[in-house]
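Participant: As you go down the protein sequences, you meet chains A and B in turn.
Residue numbering for the first sequence follows the working numbering, beginning at 127 and increasing consecutively.
Residue numbering for the second sequence follows the working numbering, beginning at 300 and increasing consecutively.
Ideal Cβ positions, reconstructed from N, Cα and C, are used throughout, including at glycine.
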Amino acid sequence: MKKKGRGMATIMFGFGYGEGFPDHSIAEVEITPDNIIKLRTAGADVGQGFLTTMTQIAAEVLKIDPSYIEIVGQDTHQSKNSGSTSATRQTFFSGNAVREASEELMGKLYHYGSLHFNSNHPELTVNNGEIYHCENKEDKITYFELADNIKKRGESLSAEASFFPKTYAPDKKTGQTEKNYVAYTFMTQVIDLKIDTDTGLIEVLNVYTALDVGKAINPINVEGQIEGGTVQGLGMALTEDQVIKDGITLNPDMTNYLVPSIKDIPNFESILIENEDSDGPFGAKGVGEPTLIAASPAVANAVYDAIGVRIKQLPITPEKILKALEESHK
Amino acid sequence: MKKQSKDVKNRPTSSGRDSKEYFRPKSKKELKEILKNNDILTIIAGGTDLLVSNYQKLYKIDKWLDLDLIDEFKEVKIFDDKIEIGSMVTHDRLVRLEKIKELFPILHSAALDLGSPQIRSRGTIGGNIVTSSPAGDLLPPLLVYDAEVVIISDQEERKVDLNTFFTGPKKNVLKEGEILEKIVIPLKKDKSRGVWKKVGKRKALVISSISLALNIVFDKDNIIKKAKMAIGSAAPVPLRIKSAEEILIGQSLDSIDYIKVAKAAAKQISPIDDIRGTAEYRISVAKNITKSALKEVTK
Numbered sequence: 127m128k129k130k131g132r133g134m135a136t137i138m139f140g141f142g143y144g145e146g147f148p149d150h151s152i153a154e155v156e157i158t159p160d161n162i163i164k165l166r167t168a169g170a171d172v173g174q175g176f177l178t179t180m181t182q183i184a185a186e187v188l189k190i191d192p193s194y195i196e197i198v199g200q201d202t203h204q205s206k207n208s209g210s211t212s213a214t215r216q217t218f219f220s221g222n223a224v225r226e227a228s229e230e231l232m233g234k235l236y237h238y239g240s241l242h243f244n245s246n247h248p249e250l251t252v253n254n255g256e257i258y259h260c261e262n263k264e265d266k267i268t269y270f271e272l273a274d275n276i277k278k279r280g281e282s283l284s285a286e287a288s289f290f291p292k293t294y295a296p297d298k299k300t301g302q303t304e305k306n307y308v309a310y311t312f313m314t315q316v317i318d319l320k321i322d323t324d325t326g327l328i329e330v331l332n333v334y335t336a337l338d339v340g341k342a343i344n345p346i347n348v349e350g351q352i353e354g355g356t357v358q359g360l361g362m363a364l365t366e367d368q369v370i371k372d373g374i375t376l377n378p379d380m381t382n383y384l385v386p387s388i389k390d391i392p393n394f395e396s397i398l399i400e401n402e403d404s405d406g407p408f409g410a411k412g413v414g415e416p417t418l419i420a421a422s423p424a425v426a427n428a429v430y431d432a433i434g435v436r437i438k439q440l441p442i443t444p445e446k447i448l449k450a451l452e453e454s455h456k
Numbered sequence: 300m301k302k303q304s305k306d307v308k309n310r311p312t313s314s315g316r317d318s319k320e321y322f323r324p325k326s327k328k329e330l331k332e333i334l335k336n337n338d339i340l341t342i343i344a345g346g347t348d349l350l351v352s353n354y355q356k357l358y359k360i361d362k363w364l365d366l367d368l369i370d371e372f373k374e375v376k377i378f379d380d381k382i383e384i385g386s387m388v389t390h391d392r393l394v395r396l397e398k399i400k401e402l403f404p405i406l407h408s409a410a411l412d413l414g415s416p417q418i419r420s421r422g423t424i425g426g427n428i429v430t431s432s433p434a435g436d437l438l439p440p441l442l443v444y445d446a447e448v449v450i451i452s453d454q455e456e457r458k459v460d461l462n463t464f465f466t467g468p469k470k471n472v473l474k475e476g477e478i479l480e481k482i483v484i485p486l487k488k489d490k491s492r493g494v495w496k497k498v499g500k501r502k503a504l505v506i507s508s509i510s511l512a513l514n515i516v517f518d519k520d521n522i523i524k525k526a527k528m529a530i531g532s533a534a535p536v537p538l539r540i541k542s543a544e545e546i547l548i549g550q551s552l553d554s555i556d557y558i559k560v561a562k563a564a565a566k567q568i569s570p571i572d573d574i575r576g577t578a579e580y581r582i583s584v585a586k587n588i589t590k591s592a593l594k595e596v597t598k
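1) For the alpha helix (DSSP H) containing residue 485 of chain B, list its first residue and its last residue.
2) Would you mind giving the Cβ-Cβ distance between residue 291 of chain A and residue 403 of chain A, rounded to the nearest angstrom? I have them listed as a contact below 8 Å.
3) Rounded to the nearest angstrom, what separates residue 494 of chain B and residue 587 of chain B at their Cα positions?
4) Are three or more beta carbon pairs between the stretch 302-311 of chain A and the stretch 403-423 of chain A nearer than 8 Å?
5) At a Cβ threshold of 7 Å, is residue 358 of chain B touching chain A?
6) Who are the near neighbours of residue 413 of chain B in its chain, counting only those whose CB is closer than 8 Å to its CB and skipping five residues on each side?
7) Kindly indicate which three-state DSSP category residue 359 of chain A falls into: helix, strand or coil?
8) Could you check what DSSP says for residue 583 of chain B in three-state terms: helix, strand or coil?
9) So residue 575 of chain B is in the alpha helix (DSSP H); what residue range does that whole segment cover?
10) Does the Cβ-Cβ distance between residue 502 of chain B and residue 510 of chain B come in under 7 Å?
11) Taking all protein chains shown into account, decide if residue 203 of chain A is buried (16 or more other Cβ within 10 angstroms of its Cβ) or exposed.
12) Ordered along the chain, which non-local residues of its own chain (more than five positions away) have a Cβ less than 7 Å from that of residue 552 of chain B?
13) Checking the sheet assignment: what are the DSSP bridge partners for residue 365 of chain B?
14) For residue 489 of chain B, is the classification buried or exposed, using 16 other Cβ atoms within 10 angstroms of its Cβ as the cut-off for buried?
15) I think residue 168 of chain A touches residue 142 of chain A, with their Cβ atoms under 8 Å apart; what is that distance to the nearest whole Å?
16) For the alpha helix (DSSP H) that contains residue 216 of chain A, what are its first and last residues?
17) Interface residues of chain B around residue 369 of chain A at Cβ under 7 Å?
18) I want to verify the contact list: residues of chain C whose CB lies under 7 Å from the CB of residue 577 of chain B, in sequence order.
19) Hey, residue 232 of chain A and residue 424 of chain A: beta-carbon distance below 7 Å or not?
20) Over what stretch of residues does the beta strand (DSSP E) that includes residue 166 of chain A continue unbroken?
21) Mind pulling the chain B residues with CB within less than 8 Å of residue 389 of chain A?
22) For residue 369 of chain A, which of B/550, B/380, B/573, B/531 has the nearest alpha-carbon?
23) Going by alpha carbons, who is nearest to residue 243 of chain A out of A/275, A/217, A/218?
24) Residue 372 of chain B by DSSP, collapsed to three states: which one?
25) Considering just the uninterrupted stretch of the beta strand (DSSP E) at residue 430 of chain B, what are its terminal residues?
26) Within the present structure, is the beta-carbon of residue 292 of chain A separated from the nearest heavy atom of the ligand FAD by less than 6 Å?
27) Decide yes or no for the touch test of the stretch 384-395 of chain A against the stretch 333-348 of chain A: beta carbon pairs closer than 8 Å, at least 3 of them.
28) Quick one: list the residues of chain B neighbouring residue 452 of chain A, beta-carbon separation under 9 Å, in chain order.
29) Determine the closest residue to residue 352 of chain A out of A/136, A/180, A/234, A/418, with distance taken between C-alpha atoms.
30) Cβ of residue 571 of chain B less than 7 Å from any chain A Cβ?
31) Find the residues of chain B that neighbour residue 386 of chain A, judging by a C-beta separation of less than 8 Å, and give them in chain order.
32) Taking C-beta to C-beta, are residue 526 of chain B and residue 544 of chain B nearer than 7 Å?
33) Could you give the first and the last residue of the continuous alpha helix (DSSP H) run that contains residue 447 of chain A?
34) Between residue 372 of chain A and chain B, is there a C-beta pair that is closer than 7 Å?
35) Could you work out which residues of chain B lie near residue 335 of chain A, taking near to mean beta carbons separated by less than 9 Å?
36) Considering only residues of the same chain and omitting the five flanking positions on each side of residue 457 of chain B, which have a CB-CB separation below 7 Å?
Listed below in structure tokens is the structure:
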């Protein structure tokens, strides 16, 4: 027999190092005469889309097509500190550093643009990689031509910024502080599943997610983060189990330490909530780790809904389900 | 014994096709010649088990015998009273053969449940049998279809009933210098109905916690004429459940005592606790899936 259940869980997640640590990120942006905007950051893309996000932020602020942006210096020998890709912090910290450096550079575009046109900055328009005077739109100069001009004078179109927010150390006695982390991400998930009462096997059917992301800089990447994070969470909820006996791990391989396969992945429907209420770039928040957290409690609640038994130890294996079913029938 | 070294520089590199002792016969005749002149050969078919169990120690293998160029071992021949499947037929080919789907639906389903597309495309039916894992997915279906295997050496040829082939976990009756050539399954006139169940902790690429194959022949009055049942991953070898079969024969659809059959099945298996399930779990599931399989087959 198959029994269906639905469960819900809501989580909040404070991200960044927080807690008084000197967490920061440094970025540099340079417009070069050879039609490239170099964006220098040491932040690591581990598949989450960091490079895409940084490119989009720089292009948005600098009002130019993203194809002109080239990320360089993905190496601590060639760039300054961007901090680790951890604690769900890169979009927030490096995104802000890139935004601030790009804003600084935008100021320089206006400055050198006004010198070029022998005019004041309110009379200039900067758009789509070009600067022109409001009264004569035909007379324009590209960012790259401008960079070439000022290079001859020994100057450059480049800017650097460090995003270095204050973080608050928790009180040693109470563990509390005004703001432990730079911002908080919120998420609610509803999970539908089906339990086979012969075998205790759980099949996850649907995952509905509402994620307060502040601002989705790249909505498809955010959905990807939700799906990837949740699938990891489902592994934690259902199969992933390091079995240790007498100090020896019995399943030190992917044959016996089971992560979900492509066939185990449920349907996803995701809603992105954009309140723009954080200090992140354009109001964005981190979405890496938070997307993993709700799966286990939502699955446990759905199991309770399906068979009326609370299972309080992960992973919720077929053995535990079958045992619970047998005990509830006694 | 050669010591396994983590030092890449000192690790022996001559293995596989680099070695002059990598034999790759193109025919059964050439194979027999090689068997005659060499002892202690490591035989490789699809390699999906061998390469995993010898991970990082392949260099320890001195002499390889690779069967993948012997076309005779890749043939599927259909006769009036039997079908012969060469030992080098891959799972993927089994899945795609219409005749297998039509005549041996449980074998087809089990081949489809085996591993992943990559494993099915490399792994072979002969390899699945020779590895002789109690969890081998094709083994319970082959047992219920009364399969026999043809074994050859440089000297002789013999036929073995699959029921007597397995002697323990990853052990079988094959002797040094013997090769599994083909599998012979009798074609029966009676119409049968079968069920295959594989229980694993995920939907693909998983070693079964327990598996079950059931094949039943009804007579014209819907009385069970023949019943064959086998369970995998629940004993040292894949096991025919003869006690359950005996109870079933002669029963009509509405007279089957499901609980009695399930109990008989549970009694005959001897599962262990391992990473894929506890013995207790396997016994419970054996009962449950026996009942469900019977209900499905009599529907």
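Facilitator: If we stick to the structure as given:
1) That residue, residue 485 of chain B, is in no alpha helix (DSSP H); its beta strand (DSSP E) goes 478-485.
2) Wrong, their Cβ atoms sit about 16 Å apart, outside the cutoff.
3) One Cα belongs to residue 494 of chain B, the other to residue 587 of chain B, and the distance between them is close to 14 Å.
4) Using a C-beta cut-off of 8 Å, the stretch 302-311 of chain A makes contact with the stretch 403-423 of chain A, since at least three inter-stretch Cβ pairs fall below that distance.
5) It does not: the Cβ of residue 358 of chain B has no partner Cβ on chain A nearer than 7 Å.
6) The beta carbon of residue 413 of chain B is closer than 8 Å to those of 390, 419, 422, 427, 436, 437 in its chain, skipping five residues each way along the sequence.
7) The answer is helix: DSSP assigns residue 359 of chain A an H, G or I state.
8) Secondary structure of residue 583 of chain B (DSSP, three-state): helix.
9) It is not in any alpha helix (DSSP H) - residue 575 of chain B carries neither H nor E in the DSSP assignment.
10) In this structure, residue 502 of chain B keeps its C-beta atom at 7 Å or more from the C-beta atom of residue 510 of chain B.
11) So residue 203 of chain A ends up on the exposed side.
12) Around residue 552 of chain B: 521, 597.
13) DSSP, once it has assigned bridges, lists B/343 as partnering residue 365 of chain B.
14) Residue burial is scored here from C-beta neighbours: residue 489 of chain B has fewer than 16 other C-beta atoms within 10 angstroms and is therefore classed as exposed.
15) Between residue 142 of chain A and residue 168 of chain A the Cβ distance is about 17 Å, and since that is not below 8 Å, they are no contact.
16) That run of the alpha helix (DSSP H) goes 216-243.
17) Neighbours of residue 369 of chain A on chain B, chain order: 574.
18) Chain labels in this structure do not include chain C; the protein chains are A and B.
19) In terms of Cβ geometry, residue 232 of chain A and residue 424 of chain A do not form a close pair [threshold 7 Å].
20) Element bounds for residue 166 of chain A: 162-166.
21) Going along chain B in sequence order, the residues near residue 389 of chain A (Cβ under 8 Å) are 501, 502, 503.
22) For residue 369 of chain A, the nearest C-alpha among the options comes from B/573.
23) Of the listed residues, the one whose Cα sits closest to residue 243 of chain A is A/275.
24) Looking at residue 372 of chain B - three-state DSSP - the assignment turns out to be helix.
25) Note, residue 430 of chain B: premise wrong, no beta strand (DSSP E); alpha helix (DSSP H) at 424-430.
26) The ligand FAD is not among the ligands present in this structure, which contains no ligands whatsoever.
27) Under the Cβ criterion (8 Å, minimum of three pairs), the stretch 384-395 of chain A counts as touching the stretch 333-348 of chain A.
28) 583, listed in chain order.
29) Comparing Cα positions, the closest option is A/418.
30) No, because no Cβ of chain A sits closer than 7 Å to the Cβ of residue 571 of chain B.
31) At a beta-carbon threshold of 8 Å, the residues of chain B lying near residue 386 of chain A are 501, ordered along the chain.
32) Yes. Within cutoff.
33) Here the alpha helix (DSSP H) through residue 447 of chain A covers 444-455.
34) By this cut-off, residue 372 of chain A is not an interface position.
35) Those within 9 Å of residue 335 of chain A in chain B number zero; the least Cβ separation is about 22 Å.
36) Exclusion of the five residues before and after residue 457 of chain B leaves 450 as the residues of its chain whose Cβ lies within less than 7 Å of its Cβ.
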